[in-house]
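Under the numbering used here, think of the first position of the sequence shown as 14, with each following residue one higher. Where is the CB? At the ideal position from N, CA and C, for every residue including glycine. This structure is a prediction, so every number in the text was calculated from the model and none was measured.
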Amino acid sequence: MHPLIRRFSSTIDPTLSIPAIHCKIRDYVSEGLYNETLELYKEELHPLGLYATTSIFIPSIIKACSHAQSYHFGLQLHCMALKAVSDSEAIIFNFLVSMYAKFSITEAARQVFDTMPHRDTISWNSMINCYLQNGYCRDALKMFKEMYLCGFAPKPEIIAAIVSACARKGKFRLGRQIHGLVIVDGMIKESVFLSMALVDFYLRCHDSLVALRVFEGMENKNEVSWTAMISGCTANQNYDMEINCFQAM
């Protein structure tokens with residue numbers, strides 16, 4: 014038995030307040046005890062109905078449900094969440110999108126996204142990530158464009174995944190446009206992961222010179238990034254650049 018569960022079980026009080034149980038639920042989730050979280054919720058809070066299902070703690074239950082792959086209970090939570098939260102609470106809808114993404118039900122995730130009264134940056138990132146996780150690169154690229162047109166900036170990890178999708182789908186023009194956007198926004202300096210995605214993109218485009226330029230602009234290079242750059246030069250038969258990179262490593 015996990016120490017946290019043992020401690021809670023040994024001190025549990027039948028009159029324990031709902032906020033106290035909610036705190037325990039959050040502790041369980043933070044420890045990765047997802048199945049135990051759902052059991053605690055079903056035993057202590059679920060019978061009490063909407064009173065116990067406040068919007069502050071619904072995200073914890075949805076997260077546990079996602080990781081535990083509890084599909085049917087997830088549907089129940091969705092229904093309860095719609096009754097318990099106000100339209101302004103975007104965080105609940107964001108967690109629902111992520112939940113359906115983990116269930117690989119992109120249609121349901123998109124339906125939640127489309128019915129959101131108010132979307133924030135996390136909403137867009139969650140939906141794009143849902144498409145990418147489930148292999149819908151074309152839909153992810155389309156939503157990425159819509160996101161920018163609506164004035165939202167995706168996080169570097171999402172942009173890196175989009176750049177990789179551009180490389181896989183042969184969307185080289187779009188990939189270069191995205192590179193321009195991240196230069197203007199200054200994001201490329203903040204994320205090694207994004208920089209390496211761009212390096213890989215240009216190597217796939219057989220443009221080793223631009224790949225090298227992006228690589229040289231990276232502030233923090235490690236063994237993995239050097240190896241990727243050298244391997245890319247080899248794949249593009251740019252042996253002089255490969256030797257130069259190896260010597261500079």
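Hey, out of the options, whose CA is closest to residue i's CA?
i: K184; options: A153, Y144, K234 and I38; result: A153
i: I71; options: C36, A166 and T128; result: C36
i: I191; options: F206, L211 and K182; result: L211
i: A248; options: C218, E236 and A81; result: C218
i: A180; options: R151, C163 and K168; result: R151
i: E159; options: G148, K182, R132 and D253; result: R132
i: S43; options: S73, P32 and L53; result: S73
Hey, would you say residue i sits closer than 9 Å to residue j, going by beta carbons?
i: E57; j: I75; result: no
i: F214; j: S177; result: yes
i: A173; j: T134; result: no
i: K115; j: H80; result: yes
i: Y144; j: T119; result: yes
i: S111; j: N142; result: yes
i: Y233; j: V195; result: The sequence given here places Asn at residue 233; Tyr does not occur at that position. Contact: no.
i: G245; j: S221; result: yes
i: A103; j: S136; result: yes
i: L78; j: L51; result: The residue asked about is misnamed: residue 78 is Cys in this sequence, not Leu. In contact: C78 and L51 (Cβ atoms closer than 9 Å).
I need the DSSP call for residue i, collapsed to helix, strand or coil.
i: N70; result: Looking at the sequence provided, one finds Phe at residue 70 rather than Asn. Coil.
i: N249; result: coil
i: H219; result: coil
i: L63; result: In this prediction, L63 scores a pLDDT of 49, lower than 50, which makes its location untrustworthy; the coordinate-derived value is nonetheless stated afterwards. Here L63 sits in helix by DSSP.
i: E49; result: helix
i: C163; result: coil
i: K234; result: coil
i: E44; result: coil
**Report entry** alpha helix (DSSP H) runs contained entirely in the segment 81 to 127, provided each spans 4 or more residues
**Finding:** 84 to 97, 103 to 115 and 119 to 127
Requested in this report: Scan the segment 126 to 152 and note each continuous alpha helix (DSSP H) run of 4 residues or more that stays entirely inside, going in chain order.
Outcome: 134 to 146
**Report entry** Runs of beta strand (DSSP E) lying entirely within the segment 165 to 216, each at least 3 residues, in chain order
**Finding:** none
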